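Engineer: Take a look at the following structure, please.
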Amino acid sequence: MKSNQTGNPTRRHFMKAGMATSAALLSSSALAQETTLEPSRGPGKTVMEMGYYGERSEYVKDARMKGNRGTGLIGGSLTPLQHGHGIVTPSGLHFEVHHSGVPDIDPSEHKLLIHGLVGEEKVFTMEDLMRFPTVNRFHFLECAGNGMGEWMSPRGQTVQQTHGLTSCSQWTGVPLKVILNELGVRGDAKWVLAEGDDGARMTRSIPMWKAMDDAILAFAQNGEFLRPEQGFPLRLLVPGFEGNMNVKWLHRLEVGDKPWWTHHEVTEYADPRPDDKIRAFSFIMEGRSVITSPSAGMTLNGPGFYEISGLAWSGAGTIKKVEVSMDNGNTWHDANLEAPVLPKCHTRFTLPWTWDGKETTLMSRSTDDTGYVQPTYEGMYKLQGPIGLMHNNAIQNWHIAQTGEITNVRS
Ligand SMILES: Nc1nc2c(c(=O)[nH]1)N[C@H]1C(S)=C(S)[C@@H](COP(=O)(O)O)O[C@H]1N2
Ligand SMILES: [Mo]
8 MKSNQTGNPT RRHFMKAGMA TSAALLSSSA LAQETTLEPS RGPGKTVMEM GYYGERSEYV
68 KDARMKGNRG TGLIGGSLTP LQHGHGIVTP SGLHFEVHHS GVPDIDPSEH KLLIHGLVGE
128 EKVFTMEDLM RFPTVNRFHF LECAGNGMGE WMSPRGQTVQ QTHGLTSCSQ WTGVPLKVIL
188 NELGVRGDAK WVLAEGDDGA RMTRSIPMWK AMDDAILAFA QNGEFLRPEQ GFPLRLLVPG
248 FEGNMNVKWL HRLEVGDKPW WTHHEVTEYA DPRPDDKIRA FSFIMEGRSV ITSPSAGMTL
308 NGPGFYEISG LAWSGAGTIK KVEVSMDNGN TWHDANLEAP VLPKCHTRFT LPWTWDGKET
368 TLMSRSTDDT GYVQPTYEGM YKLQGPIGLM HNNAIQNWHI AQTGEITNVR S
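Per our numbering, the very first residue in the sequence shown carries number 8; after that it's consecutive.
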């Protein structure tokens, strides 16, 4: 399989495989000579020559795809899902959405104020917070606008462009309920306002049931401190909820009895409905899946065996089933779900496939443990209207031409 991106390891892999086939035509001893009996490379770099903070191989070029608006302060980047393996997104490839750039915050000076309908109002330093018991949880984070450009017609040329606003990390932090219980929450408290310390002062109202369920004051990601892009030194993590509610550079939590109807709640993240209504609080990112390989932008290298591999996730719970169709939706086959299969987390699915060389379309469909089945575009239009923007979770179709070329199509 080839990818149209330079430096793709898959391509190198196939070039090597090609060499091995021609070598097989030689006698076995010649083959041995050509491969194993080559003179040793000699010494490599010493440990002292390698960096104190590890770098990836210079041959690996997978990169986020960046874009911004106006002054550039509002911007984001997309994760290269087509080259991902397993369920964890390397921190350096986690997608980004910033409403006012990435602030530079010294953790020794960072403070979190908690006030409002609490028994005791308090300001926490990072040191104070990190003394509390912690949890380590694998969760995906997805921007509500992931696939926004795909609503009307298929436009993205790779899965990075169609689905790259989702990533998955192991997050470490203190459960929000531990801190709220420590301060005491008044009986009439129903909502928590979370505010970020960036220029945009991103603010969202979080329902108290979520704050007391699995919300995390996260300070680490994949075993090390958060990256600045992900909210260093502290972010709110509300697993399964739309990305923007996961407030980065978190510096204030206010406990109240009603939502605040903040700027972001009444504009960008309120979703128009076909019946002239507006859905104001779309918390949960619904069940979704996508085949990441083979996917648009790649070319199949002739008929034969391919492993279909993809990601499924649901903000409502755990992925129960992923079905894959290799014949344009006529028949569906249960894919293998690779362990671990965790709630509100990317789940890797795979399915062996032998391509017969004929034109076809690949698609995947997830079902979560609430019974929710990923819709088609038609199904999604019925609920959200044909000109929606946020919460696109429709089934993705990858068309395979006889040449092996893969493109993003609607049906
Ligand atoms: N303070 C603050 N928090 C923020 C944002 C922001 O601009 N400022 N962007 C939000 C949006 S829209 C998304 S999708 C997620 C993205 O998180 P990431 O950049 O770590 O991927 O952060 C959310 N939290
Ligand atoms: Mo977002």
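For glycine and all other residues, C-beta sits at the position ideal for the given N, C-alpha and C. This structure is a prediction, so every number in the text was calculated from the model and none was measured.
1) Does the beta carbon of His-106 fall short of 7 Å from some heavy atom of ligand 1?
2) Cβ of Ser-296 within 8 Å of Cβ of Leu-260?
3) Could you pull out every unbroken alpha helix (DSSP H) segment of at least 4 residues lying fully inside the region 98-155, listed in chain order?
4) With DSSP run on the structure shown, which of helix, strand or coil describes Trp-77?
5) For the structure I just gave you, are there three or more beta carbon pairs, one from the region 339-347 and one from the region 396-409, closer than 8 Å?
6) Rounded to whole angstroms, what is the Cα-Cα separation between Gly-14 and Thr-374?
7) How about Gly-304 and Thr-165: do their beta carbons lie closer than 8 Å?
8) Note down the Cα distance separating Leu-148 from Ile-315, rounded to an integer number of angstroms.
9) I'd like the ranges of any beta strand (DSSP E) spanning at least 3 consecutive residues and lying wholly in the region 282-346.
10) To test your reading of the DSSP string, which unbroken alpha helix (DSSP H) runs of 4 or more residues are found completely within the region 183-265?
11) Let's test the definition: count the other Cβ atoms within 10 Å of the Cβ of Gly-203 and tell me whether it reaches 16, buried, or not, exposed.
12) Can you give me the Cβ contacts of His-270 inside the same chain, cut-off strictly under 8 Å, excluding the 5 residues immediately before and after it?
13) Is Gln-381 closer than 8 Å to Ser-169 when the C-beta atoms are compared?
14) Within 7 Å: the Cβ of Cys-175 and any heavy atom of ligand 2?
15) Can you have a look at Ala-225 and say buried or exposed, based on whether 16 or more other CB atoms are within 10 angstroms of its CB?
16) Take every Cβ of the region 323-334, pair it with every Cβ of the region 175-186, and state whether three or more of those distances are shorter than 8 Å.
17) Answer yes or no: do Leu-88 and Thr-299 have a C-beta to C-beta separation smaller than 8 Å?
18) Is it right to say Thr-274 is buried, meaning 16 or more other beta carbons lie within 10 angstroms of its own, or is it exposed?
19) Figure out for me which residue from Tyr-388, Gly-247, Ile-285, Glu-45 has the closest Cα to the Cα of Pro-3.
20) Taking just the CA atoms, how far does Gly-364 sit from Val-416?
21) Looking at the structure shown, is Thr-368 part of a helix, part of a strand, or coil, going by DSSP?
22) For the candidate residues Ala-227, Thr-338, Met-370, whose alpha-carbon lies nearest to that of Leu-136?
23) Determine the extent of the alpha helix (DSSP H) in which Thr-169 is found, giving its start and end residues.
24) Can you give the beta carbon distance from Asp-220 to Leu-124, rounded, assuming they're within the 8 Å contact cut?
25) Taking the beta carbon of Asn-75 as the centre, do at least 16 other beta carbons fall within 10 Å, making it buried, or is it exposed?
26) Pull up the distance between the alpha-carbon of Leu-233 and that of Ile-213, whole angstroms please.
27) Could you spell out the range, first to last residue, of the beta strand (DSSP E) harbouring Val-416?
28) Enumerate in chain order the residues of its own chain whose CB-to-CB distance from Phe-239 is below 7 Å, with the five nearest sequence positions on each side excluded.
29) Can we count Gly-74 as close to ligand 2, meaning its CB is less than 7 Å from some heavy atom?
30) Please state whether DSSP places Ser-64 in a helix, a strand or coil.
31) Using the C-alpha atoms, what's the distance from Ala-218 back to Thr-338?
32) Can you give the Cα-Cα distance for Gln-419 and Leu-38, rounded to whole angstroms?
33) Measuring straight from C-alpha to C-alpha, what distance separates Gln-409 and Leu-100?
34) In three-state DSSP terms, what is Gln-177?
35) So, for Cys-352: in the same chain, excluding its five sequence neighbours on each side, which residues have a beta-carbon less than 7 Å away from its beta-carbon?
36) Below 6 Å CB to CB, which residues in the same chain sit around Trp-267 once its five sequence neighbours on both sides are set aside?
Structural biologist: The relevant details are as follows:
1) yes
2) no
3) 133-136
4) According to the sequence provided, residue 77 is Gly. The question's Trp does not apply to it. Gly-77: coil per DSSP, three-state reduction.
5) no
6) Note that Gly-14 has pLDDT 38, beneath the 50 cutoff, so the model's placement of it is unreliable and the number below is only indicative. Rounded to whole angstroms, Gly-14 to Thr-374 spans 35 Å at the Cα level.
7) yes
8) 23 Å
9) 295-300, 311-320, 326-332
10) 183-190, 215-218
11) buried
12) Thr-210
13) The sequence shown places Thr at residue 169, not Ser. Not in contact: Thr-169 and Gln-381 (Cβ atoms no closer than 8 Å).
14) no
15) buried
16) no
17) yes
18) exposed
19) Residue numbering for the chain in the displayed model covers 8 to 418; residue 3 lies beyond these limits and cannot be assessed.
20) 19 Å
21) strand
22) Ala-227
23) 166-170
24) Contact flag wrong, Cβ pair sits at about 18 Å.
25) exposed
26) 22 Å
27) 413-416
28) Ile-112, Phe-232, Leu-233
29) no
30) coil
31) 42 Å
32) For residue 419 there is no data in the structure shown, the boundaries of the chain being 8 and 418.
33) 33 Å
34) strand
35) Ile-94, Phe-145, His-146, Phe-147, Cys-175, Trp-320
36) Leu-200, Ser-212
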